[in-house]
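Participant:
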Amino acid sequence: MSEQNGSKDRSINSDVTLSIPEHVAIIMDGNSRWAKRRGKSTSSGHKAGVEAVREVLRLATDYGIRIVTLYAFSSENWQRPALEVKALMALLGAYLKSETKRLHKDGVQVRFIGARDKFSKSLLKQMEQAETLTVNNTASVLVIAVDYGGQWDIANAAKVLAEKVKAGQLEPEQIDAAQLGQHIALSDLPPPDLCIRTAGEQRLSNFLLWQLAYAEYFFTDTLWPDFGKLDFDRALRAYTQRDRRYGGRDEDPSIDSEAS
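Residue numbering for the sequence shown follows this note's numbering, starting at 1081 and increasing by one per position.
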C-alpha cells in the first residue's frame, strides 16, 4: 500500500512490509480486570495502564504513526464509583505533570477533546498548559479524549450549526455532512485509519462515532496494561491486509459491464 489513504509502507520485520496508518485511535480497556486478576486495587490497574500508554506512544513513534488518539475517560465514566473517578482524575494530573515536558521535547502536540465543565480548576489548568506549551509542535500529535462521547460531539456540532442558522449566517438547506464535519472534534486532522480496542469487547462505546466511519477495526483479548509490541504488530499486520475502498469498488475485468 502506498501513502494514499493516510498510510505509508514500512518494513518492520524482514518477512513483512507493514502498511502504517497515519492516525490510530485506541480504546484502552481492561485496567480493572487486569488488577482484579492479580488481586490488586482498581487504581493499581489504572496506573499499569498509564505505563502501557508510555510504551504504546514509544512504539507509535518507532512505527512512524503521526497521530494517536486515546480514549481515556468517556462521558459515561462519571457514573463509576466516586473514589475511582477521583483516582482517575488524579492519575491524569500526575501523567501531565510527569510527561508534558518530555512530550514537548519530543515535538509532540498534545490535545484534549471532550467537555471540560466537570474538571477541577487545577486539572483544567494542567490540560490548558500542556496544550499551550505544545501547540506549535509538528513531529506528532497526541489526542486525549476525556469526558468525551461521540454522541455529545455530534450534538455539539449540531448546536453550533443551529446557532449559525439562528444568527442568519447559514440557511438550513446549506447544512450537509461537510458542514457538520467542520465542527466535529479533530476536524482539522485526518480521520483515524485504524481503531484498536483491547480486552475483548467489540464495540465503540460512544467513541469517535463520526470520525471512525471508514476506519479499520482491530479487537484483541489482551488487557490494556499488557498491550505491547506483539499486539501492536498484530494490529498493524491485520490493517495491512485490509482493502480500504471507502464504499467504492475497483473495476473487475472479469465482469462484463455490457452483460444484461
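Every residue gets a Cβ at the ideal spot worked out from N, C-alpha and C, and that includes glycine.
If contacts are defined as beta-carbon pairs under 8 Å, then L1260 and F1298 qualify, I think. What distance do you get, rounded to the angstrom?
Facilitator: About 27 Å; that fails the 8 Å criterion.
Participant: Buried or exposed, going by whether 16 or more other CB atoms sit within 10 Å of the CB of P1161?
Facilitator: Classification of P1161: exposed, given that the 10 Å Cβ count is below 16.
Participant: How big is the Cα-Cα spacing for W1304 and L1288?
Facilitator: 19 Å
Participant: Can you list, in chain order, the stretches of the alpha helix (DSSP H) that have 4 or more residues and sit fully within the region 1214 to 1274?
Facilitator: Within the region 1214 to 1274, the complete alpha helix (DSSP H) runs of at least 4 residues are 1230 to 1246 and 1257 to 1261.
Participant: Which class does Q1206 belong to by DSSP, given the choice of helix, strand or coil?
Facilitator: helix
Participant: CA-CA distance, A1361 and S1121?
Facilitator: Examination of residue 1361 is not possible in this model, given that the chain is present from 1081 through 1340 alone.
Participant: Taking V1223 and I1147 to be in contact with their CB atoms under 8 Å, please state how far apart those CB atoms are, rounded to whole angstroms.
Facilitator: 7 Å
Participant: Would you mind stating whether S1155 and G1229 have Cβ atoms separated by less than 7 Å?
Facilitator: In contact: S1155 and G1229 (Cβ atoms closer than 7 Å).
Participant: Give every residue of the same chain whose Cβ lies closer than 6 Å to the Cβ of L1176, excluding the five residues on either side of it in the sequence, and list them in chain order.
Facilitator: Excluding five sequence positions before and after L1176, the CB atoms of its chain that fall closer than 6 Å to its own CB belong to Q1206 and A1210, given in chain order.
Participant: Beta-carbon within less than 6 Å of D1301's beta-carbon, same chain only, minus the 5 sequence neighbours each way: which residues are those?
Facilitator: Within the same chain, and ignoring the five residues on either side of D1301 in sequence, the residues whose Cβ sits closer than 6 Å to its Cβ are G1280.
Participant: Just to confirm before moving on: does the CB-CB distance between S1112 and G1125 stay below 7 Å?
Facilitator: In contact: S1112 and G1125 (Cβ atoms closer than 7 Å).
Participant: What residues are listed by DSSP as bridge partners for H1103?
Facilitator: I1147
Participant: Check whether the Cβ atoms of N1217 and G1187 lie closer than 7 Å to each other.
Facilitator: It is a contact, given that the beta carbons lie within the stated cut-off.
Participant: So what does DSSP say about T1097, is it helix, strand or coil?
Facilitator: strand
Participant: Once DSSP output is grouped into helix, strand and coil, what is the label at Q1282?
Facilitator: DSSP, read as helix, strand or coil, puts Q1282 in coil.
Participant: Compute the distance between the beta-carbons of I1264 and W1232, then report whether it is under 7 Å.
Facilitator: Taking 7 Å as the Cβ cut-off, I1264 and W1232 do not qualify as a contacting pair.
Participant: Are the CB atoms of L1171 and I1106 nearer to each other than 7 Å?
Facilitator: no
Participant: Is A1152 helix, strand or coil when you go by DSSP?
Facilitator: strand
Participant: Using 7 Å as the threshold, is the C-beta distance between G1248 and E1135 below it?
Facilitator: no
Participant: Could you compute how far the alpha carbon of A1295 sits from the alpha carbon of K1127?
Facilitator: 29 Å
Participant: So the alpha helix (DSSP H) Y1319 belongs to, where does it begin and stop?
Facilitator: If you look at Y1319, you'll find it in the alpha helix (DSSP H) that goes K1309 to T1320.
Participant: Which residue spans inside the region 1161 to 1206 form an unbroken alpha helix (DSSP H) run of at least 4?
Facilitator: DSSP runs (the alpha helix (DSSP H)) wholly in the region 1161 to 1206: 1162 to 1185.
Participant: Given a cut-off of 7 Å, decide if L1098 and T1341 are closer than it, judged by their beta-carbon atoms.
Facilitator: In the structure as shown, the chain begins at 1081 and stops at 1340. Residue 1341 is therefore absent and cannot be evaluated.
Participant: Could you spell out the range, first to last residue, of the alpha helix (DSSP H) harbouring K1116?
Facilitator: Taken as a continuous stretch (DSSP letters only), the alpha helix (DSSP H) holding K1116 covers N1111 to R1117.
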